[in-house]
Amino acid sequence: MPDTAASFTPPRAARTVVFRHEGSSTGATIDLEVIAARLSSLAAHGAGLGSRVWRIVPMAMAENRTERADDIIYACKWVNLDDPVRALHLPREFGWLNRLGGGYFPVPVAQAMLRPDAYLLVAEWIEGRNLALHAPAIVAELIAAGTFKRFCGDLIRILDRLQEAGVAHSDIWEPNIMVRDQRPVLLDFGWARTLGGAPARDNLHQPDDRLAMTQLLLRLGALRRMLTHPQAT
0 MPDTAASFTP PRAARTVVFR HEGSSTGATI DLEVIAARLS SLAAHGAGLG SRVWRIVPMA
60 MAENRTERAD DIIYACKWVN LDDPVRALHL PREFGWLNRL GGGYFPVPVA QAMLRPDAYL
120 LVAEWIEGRN LALHAPAIVA ELIAAGTFKR FCGDLIRILD RLQEAGVAHS DIWEPNIMVR
180 DQRPVLLDFG WARTLGGAPA RDNLHQPDDR LAMTQLLLRL GALRRMLTHP QAT
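Counted from 1, the sequence shown has number 93 at position 94 by numbering that gives the first Met the number 0; the numbering is strictly sequential.
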């Protein structure tokens, strides 16, 4: 089946990117060279091989000042398109996020090509904890709050939403899930594809979203049993 994501209009090369928060009439226009220089200064060897996500505050950057408490924070993903597979698939991430429309997924803000081999994606910054790094503490808190079942239901609703939108994420596992206010948010749509389409690559993880989500729920269930009945493990 052809991947209809190929019909997404690729971002054009640009000199500036506009950051405008939803519901606001004001925003910051920033020269992409400023962003590239700032990101490069944060890494010892440029922006890093493959892709890397940074926390940025556009208004502070545009006005060359320190952050303020009321500043809006964004996630800025720099992707080096260093091989044909990456160049074909990764610049589609903005389109997938735009199709899904927020909620359980980050809201896309802007995209641009920094240069022919470097793609920039700006999206909502998800303030929370990564499930891979904090799973025992997160599950313990969910149990204590009586929201563990709701959290698992949220994960199932994420899968339902993906399928309703005709999107296969292709990389569902703990490192790609942030937990915000005890609710999951699914990140990293760099290898997503049209539901039913061929995987974008030989995925190191489970490209079947339903199977991947089932495995994730089983791992969370096992962790819950270990925390509530340690003598049985």
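C-beta atoms are modelled at their ideal positions from N, C-alpha and C, and glycine is treated no differently.
Task: Every unbroken alpha helix (DSSP H) within the segment 72-138, with a cutoff of 4 residues, ordered by chain - done: Counting only runs of 4 or more, we get 83-88, 92-99.
Task: Alpha carbon of Q205 to alpha carbon of G94, nearest angstrom - done: Walking along the sequence shown from the start, residue 205 turns up at place 206. Walking along the sequence shown from the start, residue 94 turns up at place 95. If I take the Cα positions, the gap works out to 22 Å.
TODO: Could you name each continuous beta strand (DSSP E) segment of 3 residues or more that falls completely within the segment 140-209, going from the start of the chain to the end?
DONE: 176-179, 182-185
Task: Touch test, the segment 182-199 against the segment 162-173, Cβ-Cβ under 8 Å, three pairs minimum - done: yes
Open item on the list: As a quick exercise: from V56, G189, A122, pick the residue whose alpha carbon is nearest that of R67.
Closed with: Residue mapping note: residue 67 aligns to position 68 of the sequence shown, counting from 1. The shortest C-alpha separation from R67 is found at V56.
Open item on the list: My output table needs one value for T65: the three-state DSSP class, helix, strand or coil.
Closed with: The count along the sequence shown starts at 1 and reaches residue 65 at position 66. Note: T65 maps to coil in three-state DSSP.
- [ ] Answer yes or no: do L132 and I157 have a C-beta to C-beta separation smaller than 9 Å?
- [x] In the sequence shown, counting from the first residue as 1, residue 132 sits at position 133. In the sequence shown, counting from the first residue as 1, residue 157 sits at position 158. No, Cβ-Cβ distance for L132 and I157 is not below 9 Å.
Open item on the list: Please return the same chain residues whose Cβ sits closer than 6 Å to the Cβ of P107, not counting the five positions on each side in sequence.
Closed with: Along the sequence shown, read from residue 1 onward, the residue named residue 107 stands at position 108. Here the set comprises F93, L96, N97, A122.
Open item on the list: On the DSSP bridge list, what partners appear for R54?
Closed with: Along the sequence shown, one-based indexing puts residue 54 at 55. In the DSSP output, where bridge partners are listed per residue, R54 has A74.
TODO: Work out the CA separation of G189 and G145 for me, nearest whole Å.
DONE: Here residue 145 refers to the residue found at position 146 of the sequence shown. Here residue 189 refers to the residue found at position 190 of the sequence shown. Taking C-alpha positions only, G145 is separated from G189 by approximately 34 Å.
- [ ] Would you tell me roughly how many angstroms separate the C-alpha atoms of K233 and R223, rounded to the nearest one?
- [x] This structure gives no information on residue 233, because the portion of the chain shown stretches from 0 to 232.
Open item on the list: Here's the rule: buried if 16 or more other CB atoms are within 10 angstroms of the residue's CB, otherwise exposed. What is N63?
Closed with: Counting from 1 along the sequence shown, the entry for residue 63 is found at position 64. Counting Cβ neighbours within 10 Å, N63 comes out exposed, since fewer than 16 surround it.
Open item on the list: Using C-beta distances below 6 Å, list every residue in its chain close to E173, excluding the 5 sequence neighbours before and after it, in chain order.
Closed with: Along the sequence shown, one-based indexing puts residue 173 at 174. L130, A131.
Open item on the list: Using CA atoms only, rank isn't needed, just tell me which of D208, A211, A134 is closest to M275.
Closed with: Here the chain comprises residues numbered 0 to 232, so residue 275 is not present and cannot be evaluated.
Task: Three-state secondary structure (DSSP) of H228 - done: Position 229 of the sequence shown, counting from 1, holds the residue named residue 228. Here H228 sits in coil by DSSP.
TODO: Flag this pair as yes or no: are the beta carbons of L119 and I34 separated by less than 9 Å?
DONE: Within the sequence shown, residue 119 is the residue found at index 120, counting from 1. Within the sequence shown, residue 34 is the residue found at index 35, counting from 1. Yes.
- [ ] Assuming A59 contacts D70 (C-beta within less than 8 Å), just tell me the rounded distance between them.
- [x] The residue labelled residue 59 in the question sits at position 60 within the sequence shown. The residue labelled residue 70 in the question sits at position 71 within the sequence shown. The pair is a contact, with the Cβ atoms about 6 Å apart (cut-off 8 Å).
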